[in-house]
Amino acid sequence: MNYDERLQNVSVLGAAGKMGSGILLLTAVEMADLSLKPENKGKTFCLNAIDVSPQGLAGLMKYLKVQVQKIAEKKTVMLREIYADRADLIENECIINEYVFDVMNIVRPVTTIESAYDSNLIFEAIVENRDLKTRLFSQINENNKNKPYFFTNTSSVPIHTLDEGAKLDGRVLGFHFYNPPAVQKLVELISLENNSAEMTEFAKAFAKNLRKIIVPSNDKAGFIGNGHFMRDALHGIHEVERLSKEMPYAEALYIINKVSQDFLVRPMGIFQLIDYVGVDVVKFIMEVMNPYLPDEDLHSDLLDKLFEMGVKGGQNSNGSQKDGILKYERGNPVAVFDPETKAYVDISGFKEKCDEKLGPLPGSWKPWKAVNFSRGKKEEMLKTIFTETNKMETLGAELAKAYNAKSNEIGNYLVSSGVAHNVEDVNTVMMTGFFHAYGPVNKYLK
Ligand SMILES: NC(=O)c1ccc[n+]([C@@H]2O[C@H](COP(=O)([O-])OP(=O)(O)OC[C@H]3O[C@@H](n4cnc5c(N)ncnc54)[C@H](O)[C@@H]3O)[C@@H](O)[C@H]2O)c1
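According to my numbering, the sequence shown is numbered sequentially starting from 261.
Shown next, in the form of C-alpha cells:
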C-alpha cells in the first residue's frame with residue numbers, strides 16, 4: 261500500500277479532545293491535498309472523527325471549519341493551481357470556499373468505533389488510559405481486514421505494552437505530538453523493533469509532509485519530553501520542600517518559580533508550567549511512568565495533596581490559564597495556593613522580601629522572549645548572562661546553578677538509560693517542544 265492509499269481511509273480516536281482535534285485538522289488537510297491531486301481524481305478519501313462525546317464532535321466541526329478557512333486563506337496561490345481546471349472558480353473567496361468544502365467533505369464525525377473497521381491508519385488520542393487504549397486497538401484489529409497501522413499519541417505508556425496487549429504484531433508506534441499539534445513543530449517518533457520498515461518510513465513521510473521536526477525516542481516510559489519535564493518538576497518541588505523548612509511554603513514556592521523562570525531564562529517558571537499542563541495531568545503521567553522505573557520514585561505527595569483539594573490548573577476553553585498551584589490575573593501569577601490553610605497567599609505581601617533574599621538578576625539579564633527571539637545573538641546573550649551568574653554568590657544564582665545542574669543530569673541520564681539516542685535529541689526536544697532557549701545539556705552554568 262503506497263502513501264496515498266494508506267491515507268484514503270483514516271480514523272482519529274478521541275478526535276474531539278485537545279490533541280485529537282489538532283491531529284484531525286492536520287490529517288484532514290493532508291488527505292484533502294492528496295485527494296485533489298490529478299492522479300487521485302475519483303478516489304474516495306474518508307477521515308472518521310471518532311469520539312464518545314457528541315457535543316465535543318459538534319464543537320470539533322466548528323473549530324475545523326474556522327481553522328481550514330485560515331489555512332486556505334494562506335495558500336490561495338497553491339489552491340489556484342490545484343483548481344486550475346475549474347473555470348467556475350475565479351474570485352479568491354470562491355476558491356477558499358471550495359477548499360473548505362473539500363476538506364470538510366472528507367471528515368465523518370461519529371460516536372461509534374465500528375467506522376474504524378475499514379481504516380488503514382488509526383490515530384489514537386483518547387484519554388491516557390492504557391487498558392482503554394489496548395481494548396480499543398484490540399477490538400479494531402480483530403474486526404479490520406486491512407491490517408491497519410496504529411499511531412498512538414500517548415505521553416507516557418510504553419508502546420510495546422500496547423503492542424503486546426492488543427496483539428498488533430508490531431503495527432503500532434508512538435507518534436507523539438506536542439500541544440497544540442497544529443502549531444507545535446515537534447513530533448517524538450517512538451518505533452518498536454518489530455515495526456516494519458514500511459511503517460516507519462510512512463510515519464516519517466507523514467510527519468515530514470506536516471512540516472514537523474522528528475526526534476526519535478526509544479520506547480521507555482515518558483519518552484524524552486516527559487522524561488525530562490517530570491524529573492525537572494520533581495526537582496522544583498523538592499527544592500520548595502527543602503526551603504520550606506526555613507521560610508513559609510508560599511515564599512519558597514515563589515522563589516523556586518522565579519529562579520526556574522528568570523534566573524534560568526526559561527519561558528515560564530516550573531510551577532506555572534505544571535499549572536499550564538495541569539496538576540492532575542502531571543500527577544497522572546508520573547503514575548503511568550512510575551511502575552516502569554524500578555530504580556526511581558517519580559511521585560510527589562504535594563501534587564497528590566493538591567489534586568485531592570481540587571487544585572488542578574489546566575486551560576479554560578478559550579485558552580486562558582485556570583488557577584492551580586498559582587493564581588493568575590491576565591496570565592500572570594499573583595498568589596500561591598497554600599495547602600495548609602487551603603487558601604491563596606498574595607505574592608504582593610512577600611515579593612519584595614523574597615526578591616531581596618534572592619539577590620539581583622545579572623546586569624546583562626534579559627527575559628526569555630528577548631533572548632530566544634534575538635536573531636543570531638541568542639548564544640552570545642546566554643553566554644554573557646550565565647558567565648555573570650557564575651560569578652555571583654547570591655541565593656538566586658546558587659539555586660539557578662543547582663537547578664541547571666539537575667537539568668543537565670536529567671538530560672544525560674535520558675541518554676545513558678537509553679531513552680534518547682544522544683544529547684542533541686534531548687536538547688532539540690526541550691527547545692522545540694518546551695520552547696527553552698537552550699538545551700538542558702549545556703555548559704553555561706557551573
Ligand atoms: N494534552 C497534552 O498536552 C498532551 C500532549 C501530548 C500527548 N498527550 C496525550 O494525548 C492523549 C489525549 O490527551 P488530551 O489532552 O487530548 O485529552 P482530552 O481529554 O482533551 O481528549 C480525550 C478525548 O478522548 C475522548 N474519549 C474518551 N474515551 C473515548 C473512547 N472510548 N472512544 C473515543 N473517544 C474517547 C474524550 O471524549 C475526549 O474528547 C493522551 O494519551 C495524552 O497523554 C496529551
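Think of the CB as a built atom: it goes at the ideal place given N, C-alpha and C, for glycine as much as any other residue.
| Asked | Found |
| --- | --- |
| What do you get for Ile-670, buried or exposed, if any count of 16 or more other CB atoms within 10 angstroms of its CB means buried? | buried |
| Using a Cβ-Cβ distance under 8 Å, would Gly-430 count as near chain B? | Among the protein chains of the structure shown there is no chain B, as only one such chain exists. |
| How about Leu-586 and Phe-531: do their beta carbons lie closer than 8 Å? | yes |
| Distance check for Ala-385 and Gly-425, CA to CA, integer angstroms please. | 17 Å |
| So, Ser-477 versus Ile-450, is the Cβ gap smaller than 8 Å? | yes |
| Does ligand 1 have a heavy atom nearer than 7 Å to the CB of Glu-589? | no |
| Any heavy atom of ligand 1 within a distance shorter than 7 Å of the CB on Glu-669? | no |
| Roughly how many angstroms separate the alpha carbons of Lys-407 and Leu-285, rounded to a whole number? | 24 Å |
| If you count every other CB in all the chains shown that lies within 10 Å of the CB of Cys-354, and 16 or more means buried, which is it? | exposed |
| Taking the continuous beta strand (DSSP E) assigned at Ile-382, which residues delimit it? | 381-384 |
| Can the beta-carbon of Ile-419 be found less than 8 Å from the beta-carbon of Leu-396? | no |
| How big is the Cα-Cα spacing for Asp-522 and Arg-491? | 20 Å |
| Nearest-angstrom Cα distance between Phe-646 and Tyr-704? | 6 Å |
| Return the first residue and the last residue of the alpha helix (DSSP H) that Thr-460 is part of. | 457-469 |
| For Asp-598, list the residues DSSP reports as bridge partners. | Ala-603 |
| In angstroms with no decimal places, state the Cα-to-Cα distance between Ala-463 and Glu-290. | 13 Å |
| Suppose you measure from the CA of Glu-653 to the CA of Pro-593; what does that come to, to the nearest Å? | 27 Å |
| Quick one: Cα of Val-683 to Cα of Gly-619, how far? | 32 Å |
| Check each candidate in Leu-273, Ser-295, Asp-293 and Ala-665 and name the one with the smallest Cα separation from Leu-320. | Leu-273 |
| Using 7 Å as the cut-off, classify the Cβ of Asn-439 as near or not near the heavy atoms of ligand 1, replying yes or no. | yes |
| Who are Pro-593's beta bridge partners in DSSP? | Tyr-588 |
| When the Cα atoms are used, what is the spatial distance from Met-507 to Lys-617? | 11 Å |
| In the structure shown, what three-state DSSP assignment does Glu-653 receive? | coil |
| Closer than 6 Å by C-beta to Gly-316: which residues in its own chain qualify, once you throw out the five before and the five after it? Chain order, please. | Ala-276 |
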